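Here's the structure we're looking at; comments come further down.
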Amino acid sequence: MSNFESLATRAVEATPPALSKAVRGLSDKTIAWVFIAPTIILLLAINIFPLIWTIYLSFTNYAANRPNRPITNVGLKWYRDILGSPEVWAAMQATAHFVFWTILFQTLIGFGLAYLIDRKFRGHAFWTTIILIPMMLSPAVVGNFWKFLYQPQIGLFNYAVSFFTGIDPSSFEMLGSVKLAPWAIVIVDTWMWTPYVMLICLAGLRSIPGYIYEAAEVDRASKWRQFWSITLPMALPFIMLAVLFRGIENFKMFDMVVLLTGGGPGSTTELASITLKRQAFEAYRTGYSSAFAIILFVAVFGLANIYVRTLNRVKQR
Amino acid sequence: MSITLSTAHSVVEPSSLAKRSAGFIVILYALITMAPLFWIFATGWKTPPDSISYPPKIVFGPSLEGYCNLFTTRTRQTADYINALGPPQGTCDEVTRRREMVIAGASNYAPRFVNSLIIAFGSTFLAVTLGVFSAYAFSRFKIPLADDLLFFILSTRMMPPIAVAIPIYLMYREIGLSDTKLGMILLYTAVNVSLAVWLLKGFIDEIPKEYEEAAMIDGYTRLHAFFKVVLPQAATGIAATAIFCLIFAWNEFAFAVLLTSGEAQTAPPFIPTIIGEGGMDWPAVGAGTTLFLIPILVFTILLRKHLLRGITFGAVRK
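Protein chains in written order, with the working numbering: chain E, 9 to 325; chain L, 1166 to 1483.
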């Protein structure tokens, strides 16, 4: 018996194989850098190098479709052009409209749903999963099939509206009308991303310890009072997290809207990213679009900074 | 008796009526939110005339025409020509001939779908591999400026894709990676690796350090402890992270449409280009969309416990 045991111990001792001898010399510090380096190198090559290139291009007259033209330095010309361009301001306005209303609707509906789901009715887990489905889908494919739903007359959306309100389904075009198109994209985005806000709000509501409500009950605080002085303030960091992330995502929105409206009619739904795509890949104004890209970068980078700070605050909970 | 009752039902437990009305509203919302998906799924089984009828047809005779059209290209022929052909081979042939057309060949849907699979799985594998090493290093070692590096890694994911696409387009053109699967795999890896690092760091943080320390006292090296102790412990987290990366790569459109046109094109830019005679072929679009979305539905159900973590980069764990 003891013989077996010593054999087992010897086997264990022999387990760290010969290879480890060569590796054993590696200090933790070396391992740390070996483990991190590939990720950093990849990000430098595919994100940072291109970014620096973009900054360089934004000061030149380079055009991607005329690579052999001599490159000249134009200084800050493109930045001045962009800030003075009515087209860019129109795009910024369309983007602001889109971001503001989608966030407002998603927060209200998302928080409301989370509040209701937190009542823990029977089957709430199943229905929560069902509600989450839209946000997992491809925005491009979603944009494409909502185009079908929005068809005047034959589309399900127009039919549903006419069913409930009696308005003639062929009397309005969600995507063809200058008035309605900005709302059409808000509706689809709200449909798609309300679950996202809901899920984060739900986590916020669940992070509130039950004893706080119990104490409030003991103090005879009304439900209304409990909501405003416990529920909302304690869920607020989570709501902020959702709002910031949706803000960043919708500020750079491209795929869903491009497939739904293509920026039209006219340029009523031409968001910043769509203008950028047109300038860069249709007009081939590479220098101009690089400068525009840098401006968008700076804006997103600032938002991302605030987002990460909120993230860290929520993490401590 | 009354005491046991009052402790069993906490004062903050909502009343049964409140629960039931909350359930009613949530279920109503869920059903409304599913209607568009149900509609596109149903459209895949309609004939083209049924798909554009007014009022929209909720009850219809199912047809395979959408799926046939999705996978084939067709040309119009005269009745005489079709009559001169032999008996139809298979359902699709029959359906096509009824429209006075013949099947000319296979459509691009299948190759685009395969491209999506290759690019999604390739980039996920790379991103998770790179991510798990980096996440371990960030989780266990003191790294100078760790917070700044982590922020840098995350900020790369926040960049607007169109803005990144301009220099990537020029760079890929120079080094011959335009419209190649390798180029797309590398690009998606770069986008996904940030998510992978953040998510996996959260999962690895949860594995007690003592496990590896015990293994290292037993004579394991740091590397052995990582492979033999940490990786198996992190298996669930790695799987969840991989699914998140897969979903992103599967759904991505902006890079795909700008950087690929043929060879390496994925399904999302292809589906909107499915057109029939006189406009969009909606049943084929419905069929293509259904097939494309099914893997996502399966993944969503598999992931439901980890969704919250995934969408908050591992910060909120419930």
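In this text, a Cβ means the ideal position worked out from N, Cα and C, and glycines have one as well. Keep in mind the model is a prediction, meaning the values are calculated, not measured.
Buried versus exposed call for residue i [16 or more other C-beta atoms within 10 Å across all chains shown]
i	result
Leu1532 (chain L)	Because chain L spans 1166 through 1483 in this model, residue 1532 (chain L) falls outside it and cannot be assessed.
Ala99 (chain E)	buried
Gln101 (chain E)	exposed
Ile302 (chain E)	buried
Gly1231 (chain L)	buried
Asp1446 (chain L)	buried
Asn1280 (chain L)	buried
Asp126 (chain E)	buried
Val1463 (chain L)	exposed
Pro1252 (chain L)	exposed
Arg317 (chain E)	exposed
Pro177 (chain E)	buried
Ser237 (chain E)	exposed
Asn55 (chain E)	buried
Tyr1246 (chain L)	exposed
Glu1265 (chain L)	exposed
Ser35 (chain E)	exposed
Leu1347 (chain L)	exposed
Lys1470 (chain L)	exposed
Gly326 (chain E)	Only positions 9 to 325 of chain E appear in the structure, and residue 326 (chain E) is not among them; the question remains open.
Residue i to residue j span [Cα, whole Å]
i	j	result
Phe253 (chain E)	Ile1476 (chain L)	9 Å
Tyr1353 (chain L)	Ala1330 (chain L)	12 Å
Gln1242 (chain L)	Ala1292 (chain L)	50 Å
Leu157 (chain E)	Tyr204 (chain E)	22 Å
Leu1351 (chain L)	Ile1408 (chain L)	18 Å
Phe1418 (chain L)	Pro1433 (chain L)	6 Å
Asp197 (chain E)	Ile111 (chain E)	9 Å
Ala1414 (chain L)	Ile1284 (chain L)	7 Å
Asn152 (chain E)	Ala223 (chain E)	51 Å
Gly218 (chain E)	Ile138 (chain E)	27 Å
Pro273 (chain E)	Gly184 (chain E)	6 Å
Glu1377 (chain L)	Ala45 (chain E)	22 Å
Gly1427 (chain L)	Phe262 (chain E)	21 Å
Gly270 (chain E)	Ile49 (chain E)	36 Å
Arg214 (chain E)	Ala122 (chain E)	10 Å
Ile1369 (chain L)	Arg1305 (chain L)	9 Å
Pro147 (chain E)	Lys155 (chain E)	12 Å
Asn73 (chain E)	Ile79 (chain E)	13 Å
Leu1295 (chain L)	Gly1270 (chain L)	41 Å
Leu319 (chain E)	Thr115 (chain E)	18 Å
Leu1250 (chain L)	Cys1233 (chain L)	19 Å
Phe1303 (chain L)	Ala40 (chain E)	8 Å
Ala229 (chain E)	Glu1178 (chain L)	15 Å
Leu1193 (chain L)	Arg1239 (chain L)	42 Å
Tyr1334 (chain L)	Lys1374 (chain L)	44 Å
Phe81 (chain E)	Gly1287 (chain L)	According to the sequence displayed, residue 81 (chain E) carries Asn and not Phe. Going from the Cα of Asn81 (chain E) to the Cα of Gly1287 (chain L) covers about 40 Å.
Pro1214 (chain L)	Val1260 (chain L)	13 Å
Amino acids of chain A, ordered along the chain, whose beta-carbon sits closer than 8 Å to that of residue i
i	result
Pro1397 (chain L)	The structure shown contains no chain A; its protein chains are E and L.
Beta-bridge partners of residue i, as assigned by DSSP
i	result
Asn81 (chain E)	E:Thr68
Arg1239 (chain L)	L:Ile1268
Met1445 (chain L)	L:Ile1440
Quick check on the DSSP output: what are the complete beta strand (DSSP E) runs of length 3 or more inside the segment 239-325 of chain E, in order along the chain? Scanning the segment 239-325 of chain E for uninterrupted beta strand (DSSP E) segments of 3 residues or longer gives nothing; none is fully contained.
Which residues of the segment 1241-1268 of chain L have a Cβ closer than 9 Å to any Cβ of chain E? Give them in chain order. Against chain E - using a Cβ distance shorter than 9 Å - the segment 1241-1268 of chain L contributes no residues.
Members of the segment 1341-1365 of chain L near chain E, C-beta cut-off 7 Å: Leu1351, Leu1352, Thr1354, Ala1355, Val1358 and Val1362
List, from N- to C-terminal side, the alpha helix (DSSP H) runs of 4 residues or more that fit wholly inside the segment 1174-1214 of chain L. 1181-1208
Interfacial residues, the segment 1212-1225 of chain L to chain E, with Cβ spacing under 9 Å: Contact annotation: in the segment 1212-1225 of chain L, residues whose CB is within less than 9 Å of a CB in chain E are Ser1216, Ile1217, Ser1218, Tyr1219, Pro1220 and Pro1221.
Contact residues within the segment 284-295 of chain E, judged by C-beta distance below 8 Å to chain L: Leu284, Lys285, Ala288, Phe289 and Thr294
Within 9 Å of chain L by C-beta, residues of the segment 139-156 of chain E in sequence order: Ile139, Leu140, Ile141, Pro142, Met143, Met144, Leu145, Ser146, Pro147, Ala148, Val149, Val150, Gly151, Asn152, Phe153, Trp154, Lys155 and Phe156
Got a sec: which bits of the segment 113-126 of chain E sit with their beta carbon under 9 Å from any beta carbon on chain L, in order along the chain? Ile117, Gly120, Leu121, Tyr123, Leu124, Ile125 and Asp126
Residues within the segment 73-86 of chain E neighbouring chain L, beta-carbon criterion of under 8 Å: If the cut-off is 8 Å between Cβ atoms, the segment 73-86 of chain E has nothing near chain L.
Report the residues of the segment 58-72 of chain E with a CB closer than 8 Å to any CB of chain L, ordered along the chain. Pro58, Leu59, Trp61, Thr62, Leu65 and Ala72
Name the residues in the segment 1455-1472 of chain L whose C-beta lies less than 9 Å from a C-beta of chain E; which are they? Phe1457, Leu1458, Ile1461, Leu1462, Phe1464, Thr1465, Ile1466, Leu1468, Arg1469 and Leu1472
Please give the ranges of any alpha helix (DSSP H) in the segment 85-171 of chain E, keeping only runs that are unbroken, at least 4 residues long and fully inside the region. 85-91, 94-125, 132-144 and 147-157
Name, going along the chain, the residues of the segment 165-188 of chain E whose beta-carbon falls closer than 7 Å to a beta-carbon of chain L. Residues Tyr167.
Select from the segment 1409-1420 of chain L all residues with a C-beta closer than 9 Å to any C-beta belonging to chain E, and list them in chain order. Ile1412, Trp1415, Asn1416, Glu1417, Phe1418 and Ala1419
Can you check the segment 1359-1397 of chain L for any alpha helix (DSSP H) of at least 4 residues that lies completely inside it and give the ranges in chain order? 1374-1382 and 1387-1390
Going along the chain, which unbroken runs of the beta strand (DSSP E) with 3 or more residues stay wholly within the segment 171-222 of chain E? none
4-residue-minimum alpha helix (DSSP H) runs that sit fully inside the segment 1272-1335 of chain L, ordered along the chain: 1274-1305 and 1311-1323
Residues in the segment 255-289 of chain E having any Cβ partner in chain L nearer than 7 Å: Ile256, Lys260, Phe262, Asp263, Leu267, Ser281, Leu284, Lys285, Ala288 and Phe289
Identify each residue in the segment 1176-1192 of chain L for which the Cβ-Cβ distance to at least one residue of chain E is less than 7 Å, and report them in chain order. Val1176, Val1177, Pro1179, Ala1183, Lys1184, Arg1185, Ala1187, Gly1188, Ile1190, Val1191 and Ile1192
Residues of the segment 1193-1211 of chain L with a CB closer than 8 Å to any CB of chain E: list them in chain order, please. Tyr1194, Ala1195, Thr1198, Met1199, Ala1200, Pro1201, Leu1202, Trp1204, Ile1205 and Thr1208
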